[in-house]
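Enquirer: The structure is given below, and queries will be raised subsequently.
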Amino acid sequence: MPHRDQRDTLLQRLGIEELNPAAALGDGSWRSGIGGFASIDPAVGEPLALVQRATPDDLEAALAAACRVFRHWREVPAPRRGLFVRDLADAWREKKDELGTLIALETGKIKAEADGEVQEMIDIADFAVGLSRRLEGSVLASERPQHRLFEQWHPLGPVAVITAFNFPAAVWAWNATLAAVCGDTVVWKPSPKAPLSAVAVQRIADEVAARHGAGGVFTLVLSDETWPVERLAGDARVPLVSFTGSSHVGRAVAPLVAHRFGRCLLECSGNNALIVDESADLDLALPAILFGAVGTAGQRCTTTRRLFVHEARLDELIDRLTRAYAQIRIGDPLEPATLLGPLIDEEARRAFVAAVAEAQAAGGELLHGGNTLPGHGFFVEPTLIRADNAWPVVQRETFAPILYLMPFRTLDEAIRLQNAAPQGLASALFTSDLRRAERFLAAAGSDCGIANVNLGTSGAEVGGAFGGEKETGGGREAGSDAWKAYMRRQTATINWGSSLPLAQGINFRPPSTKPPVAS
Ligand code: UN1
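Read in order, the letters of the sequence shown are residues 1178 to 1696 in my numbering.
Have a look at this one:
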């Protein structure tokens, strides 16, 4: 694993310069933009490199390329599009260690999780390759004789993919690999907090695209301003806008897209709960809670933020949890023993401080942590607070390793409390009771897009559809049939008979238009 002192060599090998260009047209050409902003290493609070800021012309060039290339790409057979994605996956396999290190450097997530992110890119690419040979439609039973009724799926068009800093590469890969096999092109607008990961991923994609005649399938626009998001959301040439970020921003993006009848795929805030019932195996629950609450420094959409514990297990769990929290190594994300790296920036650290203060002011009992760490990096302690589900601070998503702990008496009460949050992404129940497990998964159970039994809220595999309800936004990405969002459905009917029966049995006899037969 490359160490911090080998950082510059690593950046160079991934094509990162001191000052990076603002936009990529996907065919190997880049546009310089103007001005610039820094990508900060959150472990030390110092710039890793600078990135130029895209101008409206740069965005227009990327979008125009995406539109132009789409007209060709949609006609390439899907299995051939899959070969492009297969080679992308191989390139990522080859660069997994380096890309993982860059992601760890830029986001502060620990190396093991950053490598996991690259693995997630590889996994979804493999999934997409298989999918490229089975983008299937249904043949349906027509009510009319000698008619064939079927559905087919066609490429949709250029897709805008707007990603957050916390998964600076994998969430793009979820969208981009599926979009590419579906015959779409992609304009990527990554978070200004993690632009270098995007530059590195784009450079790898450019190389692979050149070998597959896929130049321009993936384009990139870098900016720390908000107008590119508004522009992409409002542009009728973009039939699908895939947005990952806070519900607050999602709420602004969605109406812009809806206004022009575009489609939105929203992956917004989560406020995920984990329930430990009286029969739970704490040897399973403990590591799941720790990974869920502390992993990625509490900055995953799927982070465990609320912990509901049956009152009979409360003392035991608090005892084990506080002892485990005390052993969490905080520090350099590249050190193998570290479990908790820094938050992304000073603003995130301030939000942590404000949330802890608000919870304490409401009467919350601090069971562990609560402090920031001195120094230039944006480190905070993993924090455990005994709280109340109704408090506003518990009801909102704070991107930090704060876990609110709350007791309950019956499973129905726990499910009701879990569902009593505006967000609906991931949920988990630890139980050894089959009936309770089924109850949790039933229609009146968890209202979330993801519901797990005896595993935590975070760390979903790519095979299932990923996303959530309510203020999480309703989108589904990654596995299962999430690909359908990237295509347009066409219902087609062929009449191969020699009469024209109408549906619904309607009898409509137009006057004859046949020429009179000469006598
Ligand atoms: C996100 O936080 O935006 O389930 C994505 C997980 C990861 C993906 C998280 N596979 O935690």
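C-beta: ideal position from N, C-alpha, C; glycine also. Quick caveat, the model's predicted, so the values are computed rather than measured.
#1: Identify every run of the alpha helix (DSSP H) within the segment 1348 to 1376, keeping only runs that are complete inside it and at least 4 residues long; order them along the chain.
#2: What are the boundary residues of the beta strand (DSSP E) that includes R1703?
#3: Kindly indicate which three-state DSSP category P1224 falls into: helix, strand or coil?
#4: To the nearest angstrom, report how far apart A1387 and G1205 are at their CA atoms.
#5: Would you check if there are 3 or more beta carbon pairs closer than 8 Å linking the segment 1574 to 1589 to the segment 1474 to 1485?
#6: Would you kindly work out how many angstroms separate the C-alpha atoms of G1259 and F1342, rounded to a whole number?
#7: With distances taken between CB atoms, is the gap from R1519 to F1555 smaller than 7 Å?
#8: Taking Cβ to Cβ, would you say V1471 is nearer than 7 Å to P1559?
#9: Looking at the strands, I want to know which residues DSSP matches up with I1301.
#10: Compute every distance between the C-beta of C1478 and the non-hydrogen atoms of ligand 1, then say whether any falls below 6 Å.
#11: Report the three-state DSSP secondary structure of K1647 (helix, strand or coil).
#12: Measure the C-alpha to C-alpha separation of V1358 and P1335 and round it to an integer number of angstroms.
#13: The beta strand (DSSP E) that contains Y1581, what's its start and end?
#14: Considering only C-alpha positions, which residue in the set A1655, L1236, L1606 is nearest to V1406?
#15: Where do the N-terminal and C-terminal ends of the beta strand (DSSP E) with A1702 fall, by residue?
#16: Would you say A1637 touches ligand 1, meaning its beta carbon is less than 6 Å from a heavy atom?
#17: Go ahead and pull the three-state DSSP assignment for A1514.
#18: Tell me the residue span of the beta strand (DSSP E) that contains R1418.
#19: Taking its Cβ as the centre, do 16 or more other Cβ atoms sit within 10 Å of N1548, making it buried, or is it exposed?
#20: Does the segment 1442 to 1460 come into contact with the segment 1601 to 1618, if we say contact requires no fewer than three beta-carbon pairs (one atom in each stretch) closer than 8 Å?
#21: To the nearest angstrom, how far is it from the Cα of A1655 to the Cα of L1276?
#22: What do you reckon, are the CB atoms on G1213 and L1227 nearer than 7 Å?
#23: For Q1681, count neighbouring Cβ atoms within 10 angstroms of its own Cβ and tell me buried if that reaches 16, exposed if not.
#24: Assuming C1445 and E1313 form a contact by the criterion Cβ under 8 Å, report the distance between their Cβ atoms to the nearest whole angstrom.
#25: So for D1185, helix, strand or coil by DSSP?
#26: Nearest CA to the CA of T1232: which residue from A1302, P1332, P1198?
#27: Is the beta carbon of E1328 less than 7 Å from the beta carbon of R1666?
#28: In terms of residue numbering, what span does the beta strand (DSSP E) encompassing Q1667 cover?
#29: For E1615, which of Q1600, A1603, G1601, N1631 has the nearest alpha-carbon?
#30: For ligand 1, is there any heavy atom lying closer than 6 Å to the beta carbon of F1344?
#31: Going by CA-CA distance only, name the one from F1468, T1515, V1453, P1513 that's closest to L1494.
#32: Could you give the DSSP three-state label for I1495: helix, strand or coil?
#33: Following the continuous alpha helix (DSSP H) through T1278, name the residue where it begins and the one where it ends.
#34: Would you kindly report the start and end of the unbroken alpha helix (DSSP H) that includes N1596?
#35: Looking only at its own chain, which residues have a Cβ that is under 6 Å from the Cβ of T1354, when we skip the five neighbours before and after it?
Expert: Taking the geometry as given:
#1: Entirely contained in the segment 1348 to 1376, not one alpha helix (DSSP H) run reaches 4 residues.
#2: The structure shown has nothing for residue 1703, since the chain only spans 1178 to 1696.
#3: Here residue 1224 is taken as the residue at index 47 of the sequence shown, counted from 1. In the structure shown, P1224 sits in a strand (DSSP, three-state: E or B).
#4: Start at 1 with the first residue of the sequence shown, and residue 1387 comes out as number 210. Start at 1 with the first residue of the sequence shown, and residue 1205 comes out as number 28. A1387 and G1205: Cα-Cα distance of roughly 8 Å.
#5: Flag = yes, the segment 1574 to 1589 and the segment 1474 to 1485 touch.
#6: Taking the first residue of the sequence shown as 1, we reach residue 1259 at position 82. Taking the first residue of the sequence shown as 1, we reach residue 1342 at position 165. Straight-line Cα distance between these residues: approximately 27 Å.
#7: Along the sequence shown, one-based indexing puts residue 1519 at 342. Along the sequence shown, one-based indexing puts residue 1555 at 378. The residue asked about is misnamed: residue 1519 is Pro in this sequence, not Arg. Going by C-beta atoms, P1519 is nearer than 7 Å to F1555.
#8: On the sequence shown, position 294 is the one that residue 1471 refers to. On the sequence shown, position 382 is the one that residue 1559 refers to. Yes, the pair counts as a contact, with Cβ atoms nearer than the cut-off.
#9: Here residue 1301 corresponds to residue number 124 of the sequence shown, with the count starting at 1. According to DSSP, which records beta bridges pairwise, I1301 is partnered with nothing at all.
#10: Position 301 of the sequence shown holds residue 1478. Within the cutoff, so yes.
#11: Here the question's residue 1647 lines up with position 470 in the sequence shown. Strand, per DSSP.
#12: As a position in the sequence shown, residue 1358 is number 181, starting the count at 1. As a position in the sequence shown, residue 1335 is number 158, starting the count at 1. Taking the CA atoms as reference points, V1358 sits about 13 Å from P1335.
#13: By one-based count along the sequence shown, residue 1581 stands at place 404. From DSSP, the beta strand (DSSP E) with Y1581 extends over 1579 to 1585.
#14: To locate residue 1406, count along the sequence shown from 1; it is residue 229. Looking at the Cα atoms, L1236 is the closest of the given residues.
#15: This structure cannot speak to residue 1702, because the chain is shown only from 1178 to 1696.
#16: Walking along the sequence shown from the start, residue 1637 turns up at place 460. For A1637, the distance from the CB to the nearest heavy atom of ligand 1 is below 6 Å.
#17: Counting from 1 along the sequence shown, the entry for residue 1514 is found at position 337. In this structure, A1514 counts as coil in the three-state DSSP scheme.
#18: Translated into positions along the sequence shown, residue 1418 becomes position 241. Residue identity differs from the one stated: residue 1418 is Val in this sequence, not Arg. First-last of the beta strand (DSSP E) with V1418: 1417 to 1421.
#19: Along the sequence shown, one-based indexing puts residue 1548 at 371. The residue is exposed, with fewer than 16 neighbouring Cβ atoms inside 10 Å.
#20: yes
#21: Translated into the one-based positions of the sequence shown, residue 1655 becomes position 478. Translated into the one-based positions of the sequence shown, residue 1276 becomes position 99. About 21 Å.
#22: As a position in the sequence shown, residue 1213 is number 36, starting the count at 1. As a position in the sequence shown, residue 1227 is number 50, starting the count at 1. Going by C-beta atoms, G1213 is nearer than 7 Å to L1227.
#23: For the purposes of this step, residue 1681 is taken as the residue at position 504 of the sequence shown. Result: exposed.
#24: In the sequence shown, the residue the question calls residue 1445 occupies position 268. In the sequence shown, the residue the question calls residue 1313 occupies position 136. The Cβ separation is near 30 Å, so there is no contact.
#25: The residue labelled residue 1185 in the question sits at position 8 within the sequence shown. For D1185, the three-state secondary structure derived from DSSP is helix.
#26: Counting from one through the sequence shown, the residue named residue 1232 turns up at place 55. Ranking A1302, P1332, P1198 by Cα distance to T1232 puts P1198 first.
#27: Stepping through the sequence shown from its first residue, residue 1328 is reached at position 151. Stepping through the sequence shown from its first residue, residue 1666 is reached at position 489. Cβ atoms of E1328 and R1666: closer than 7 Å.
#28: As a working mapping, residue 1667 is identified with position 490 in the sequence shown. Its beta strand (DSSP E) spans residues 1664 to 1672.
#29: Here residue 1615 refers to the residue found at position 438 when the sequence shown is read from its first residue. Nearest of Q1600, A1603, G1601, N1631 to E1615, Cα basis: N1631.
#30: As a position in the sequence shown, residue 1344 is number 167, starting the count at 1. True, at least one ligand heavy atom lies under 6 Å from that Cβ.
#31: Taking the sequence shown and counting its residues from 1, the one referred to as residue 1494 is at position 317. Nearest C-alpha to L1494: V1453.
#32: By 1-based counting over the sequence shown, the position of residue 1495 is 318. Here I1495 sits in helix by DSSP.
#33: The residue given as residue 1278 occupies position 101 in the sequence shown. Residues 1273 to 1284.
#34: Numbered from 1 along the sequence shown, position 419 holds the residue referred to as residue 1596. That run of the alpha helix (DSSP H) goes 1588 to 1596.
#35: To locate residue 1354, count along the sequence shown from 1; it is residue 177. Contacts found: V1262, I1301, A1302, A1305.
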